[in-house]
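First up is the structure itself, then whatever we jot down about it.
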Amino acid sequence: MVVDNLVLPKATHNLVRRLTGQSRPDLALSLALKDLVRLRIKEAKSQIAEFEKKYSTSFQEFEAAWKGGKIADPYSYPVEQDYFEWEAYVSELEGLQEMSEWMI
Numbered sequence: 796m797v798v799d800n801l802v803l804p805k806a807t808h809n810l811v812r813r814l815t816g817q818s819r820p821d822l823a824l825s826l827a828l829k830d831l832v833r834l835r836i837k838e839a840k841s842q843i844a845e846f847e848k849k850y851s852t853s854f855q856e857f858e859a860a861w862k863g864g865k866i867a868d869p870y871s872y873p874v875e876q877d878y879f880e881w882e883a884y885v886s887e888l889e890g891l892q893e894m895s896e897w898m899i
């Protein structure tokens, strides 16, 4: 895709150039974005793994148990907060994985 008149501030261009080793702004920005997506995927997977370890199950199984009334104290603050955070990481991971497929 060609975007006319894309302007990167000089500081941004210098930053992505130094981070990636690419002098062309388009390549440098593309590489920086790929790295950011990979980093966020790694972080989301790490957070999901922590919840899986804590509850000894996957989110899908936890959610089914939650909806089936098999989770003790499901609406206590800590459990409910874990549920919402875990769900957010799972959703974020799905979105990030989709984004990574778009990148060349």
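Counting from 796, one number per residue, gives the positions in the sequence shown under the working numbering.
Virtual Cβ for every residue (Gly too), placed ideally from N, Cα, C.
Computed from a predicted structure; not experimentally measured.
- By the 16-neighbour rule on beta-carbons within 10 angstroms, V802 is exposed.
- Exclusion of the five residues before and after A827 leaves V811, L814, T815 as the residues of its chain whose Cβ lies within less than 7 Å of its Cβ.
- If you check the CB distance, L891 and A806 do not come in under 8 Å.
- I836 and E882 have their C-alpha atoms some 15 Å from each other.
- Nearest neighbour of M898 by Cα position, chosen from L824, R819, P820, H808, turns out to be L824.
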